[in-house]
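Here's the structure, in structure tokens; my notes come after.
Number of protein chains: 2
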Amino acid sequence: MEKFALIVAGGNGSRMGSEIPKQFLNIAGKPILMRTIEKFSQYDSSIHFFLVLPSGEFDRWKNLCKKHHFEIQHKLVKGGNSRFLSVKNGLSQIPNTGIVFIHDGVRPLVSLKTLSLCEEMAKTKGNALPVIQVNESLRIIGKDGSHAVDRAFYRLVQTPQTFRTDLIKRAYFSIDDNEFTDDASVFETLDKTINLVKGNSENIKITCPVDLKIAETLYPVQG
Amino acid sequence: MEKFALIVAGGNGSRMGSEIPKQFLNIAGKPILMRTIEKFSQYDSSIHFFLVLPSGEFDRWKNLCKKHHFEIQHKLVKGGNSRFLSVKNGLSQIPNTGIVFIHDGVRPLVSLKTLSLCEEMAKTKGNALPVIQVNESLRIIGKDGSHAVDRAFYRLVQTPQTFRTDLIKRAYFSIDDNEFTDDASVFETLDKTINLVKGNSENIKITCPVDLKIAETLYPVQG
Numbered sequence: 025m026e027k028f029a030l031i032v033a034g035g036n037g038s039r040m041g042s043e044i045p046k047q048f049l050n051i052a053g054k055p056i057l058m059r060t061i062e063k064f065s066q067y068d069s070s071i072h073f074f075l076v077l078p079s080g081e082f083d084r085w086k087n088l089c090k091k092h093h094f095e096i097q098h099k100l101v102k103g104g105n106s107r108f109l110s111v112k113n114g115l116s117q118i119p120n121t122g123i124v125f126i127h128d129g130v131r132p133l134v135s136l137k138t139l140s141l142c143e144e145m146a147k148t149k150g151n152a153l154p155v156i157q158v159n160e161s162l163r164i165i166g167k168d169g170s171h172a173v174d175r176a177f178y179r180l181v182q183t184p185q186t187f188r189t190d191l192i193k194r195a196y197f198s199i200d201d202n203e204f205t206d207d208a209s210v211f212e213t214l215d216k217t218i219n220l221v222k223g224n225s226e227n228i229k230i231t232c233p234v235d236l237k238i239a240e241t242l243y244p245v246q247g
Numbered sequence: 025m026e027k028f029a030l031i032v033a034g035g036n037g038s039r040m041g042s043e044i045p046k047q048f049l050n051i052a053g054k055p056i057l058m059r060t061i062e063k064f065s066q067y068d069s070s071i072h073f074f075l076v077l078p079s080g081e082f083d084r085w086k087n088l089c090k091k092h093h094f095e096i097q098h099k100l101v102k103g104g105n106s107r108f109l110s111v112k113n114g115l116s117q118i119p120n121t122g123i124v125f126i127h128d129g130v131r132p133l134v135s136l137k138t139l140s141l142c143e144e145m146a147k148t149k150g151n152a153l154p155v156i157q158v159n160e161s162l163r164i165i166g167k168d169g170s171h172a173v174d175r176a177f178y179r180l181v182q183t184p185q186t187f188r189t190d191l192i193k194r195a196y197f198s199i200d201d202n203e204f205t206d207d208a209s210v211f212e213t214l215d216k217t218i219n220l221v222k223g224n225s226e227n228i229k230i231t232c233p234v235d236l237k238i239a240e241t242l243y244p245v246q247g
């Protein structure tokens, strides 16, 4: 079964307080985005990579690849005005047979174990979603103030959200609502059950300077 | 108005994979628990400290205080078999007038700003709870599988949970259920509204080796 990785990196880095979009900032001396692609390639070097970037960033990325002698083959895909449209653009280039890992470009700390769990579950059940437990008390905000809820019933969702390509393409191409920020929610419009697998707690999404400091400390995640 | 800090450190460190309870492990060269108390003392040196420890750990703590020349005055309180009972033991020693910060001993990264917001809100409204937004997609687990929920309506709860001492004592001493793991939930049994204030994202609870690495990187939090 062919495997595809759709690496989504459409962000503009505004929360980083940096001129450079966050996916291009360095971790352990190389752009975050390269570290992310390297991790998947380390997991399975036969994966076909599709990298979604704002088209205005293609040149910057190509120059970075030259500078860092980055040689993992990948195809560039033009980002859309929302995450939904960016993923849709990427999926339109991926065949109908196989599985696809849809992954945030700014999550270089995904573990090999998480990738393996996602792949196995998606192969057997059609989809997989890596999640972790909530470690803090949780409250819900309503019209009459906030109330404690039992965190044991909640999970935090990571990526790669992993799917049989035919199914996730059917979901994405049968709706037009581009407010979705999460592939599993799009997939659920097919009325199918989502299968949860255990993620790894280090697999944080790097969105602010504190995250970058943390990621630099944790990199690389073993196993 | 007198101020009290009830620092709760009853844990046994089993998740740390360490023989030494987590609150005694070092951050920047000193036990986590000292760093936590130092932060509060830096915020306001007139705070009266009550430190809840398992009684079997009193000697270890006293020796550490000698070794590190730790001179911030504090009273030791014997922990109970649950967090609820530990806090109750601590509250029984605190007068009825004033405000009390109830804080996890393993959160040394609370900011001065968070402490200030908690104090101001508790003084004017009787209680304050520091919370942060949920940065990941969130799912709820039910009998028929899991479903996406809108993370915008949820908040993650930190400490110090801060209260007028008379109110929180009334709440703790009017119930016997020791399953509560969160002071705000105990307080809510009084049918009072909980007031949320903005916490600081660095204020993590150190419960596993990854947390300790992260905390070491972030320490000290400024402001």
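Top to bottom, those sequences are chains A and B.
Our numbering puts the first residue of the first sequence at 25, with every later residue one more than the last.
Our numbering puts the first residue of the second sequence at 25, with every later residue one more than the last.
Backbone N, C-alpha and C fix where the C-beta goes; we use that ideal spot for every residue, glycine too.
| Asked | Found |
| --- | --- |
| Closest by C-alpha distance to L242/A, when choosing among G247/B, Q246/B and P233/B | P233/B |
| Y67/A versus K229/A, L136/A and H92/A, residue with shortest Cα-Cα distance | L136/A |
| Cβ-based burial, N120/A [other Cβ within 10 Å; buried from 16] | exposed |
| Under 7 Å from the C-beta of S79/A: neighbouring residues of chain B | The premise fails here: S79/A is roughly 27 Å from chain B at the closest Cβ pair, so nothing lies under 7 Å. |
| 7 Å Cβ shell around S42/A - same chain, five flanking residues per side excluded | L49 |
| The alpha helix (DSSP H) enclosing Q256/A, as first and last residue numbers | Past the edges of chain A, shown from 25 to 247, lies residue 256/A, and the structure says nothing about it. |
| Cβ contact (3+ pairs, closer than 8 Å) linking the segment 157-166 of chain B and the segment 88-95 of chain B | no |
| Neighbourhood of I218/B by C-beta, 8 Å cutoff - its chain only, sequence neighbours within 5 removed | N151, L153, A208, F211 and E212 |
| Where Q47/A sits in the DSSP three-state scheme | helix |
| Against chain A: residues of the segment 175-200 of chain B by CB proximity under 8 Å | F177, Y178, R179, L180, V181 and Q182 |
| The segment 222-241 of chain A / the segment 125-133 of chain A touching (three or more Cβ pairs under 8 Å) | yes |
| Within 8 Å, strictly: CB atoms of L180/B and V221/B | no |
| Whole-angstrom distance between G104/B and P78/B, CA atom to CA atom | 7 Å |
| Exposure label - A29/A; buried when at least 16 CB within 10 Å | buried |
| Boundaries of the alpha helix (DSSP H) in which Q66/A is found, first to last residue | I56 to Y67 |
| Short CB-CB distance (under 8 Å) between A208/A and chain B | yes |
| Proximal residues, the segment 159-174 of chain A versus chain B, C-beta separation under 9 Å | N159, E160, S161, L162, R163, I164, I165, G166, D168, G169, S170, H171, A172 and V173 |
| CA-to-CA distance, I56/B to I44/B, given in whole angstroms | 12 Å |
| Residue span of the alpha helix (DSSP H) that contains A208/B, given as start and end | D207 to E212 |
| Interface positions of the segment 213-229 of chain B facing chain A (Cβ-Cβ less than 8 Å), listed along the chain | T217, I218, L220, S225, E226 and K229 |
| Unbroken stretches of the alpha helix (DSSP H), 4 residues or longer, contained in the segment 192-245 of chain B | 207-212 and 233-242 |
| Whether T253/B touches G129/B by CB criterion (8 Å) | Lying before the first or after the last residue shown, residue 253/B is absent from chain B, which here runs from 25 to 247. |
| Closest Cα partner of M25/A within the set A195/A, V32/A and S70/A | S70/A |
| Contacts of I238/A in chain B (Cβ-Cβ under 7 Å) | I238 and T241 |
| Reduced DSSP category for D168/B - H, G, I as helix; E, B as strand; rest coil | coil |
| Limits of the unbroken alpha helix (DSSP H) element including A146/A | L136 to K149 |
| Within 8 Å, strictly: CB atoms of N227/A and Q182/A | yes |
| Minimum Cβ-Cβ distance from V155/B to chain A less than 8 Å | yes |
| Beta-carbon contacts of M58/B that lie in its chain and below 7 Å, excluding the five residues immediately before and after | H92 and F94 |
| Assigned secondary structure, V158/B (DSSP; H/G/I helix, E/B strand, else coil) | coil |
| Any C-beta of chain A under 8 Å from that of V234/B | yes |
| C-alpha gap between F204/B and F108/B, whole angstroms | 6 Å |
| Top-ranked residue by Cα proximity to I192/A, from Y178/A, E143/A, L214/A and F177/A | L214/A |
| Backbone CA spacing between A176/A and A172/B [nearest angstrom] | 15 Å |
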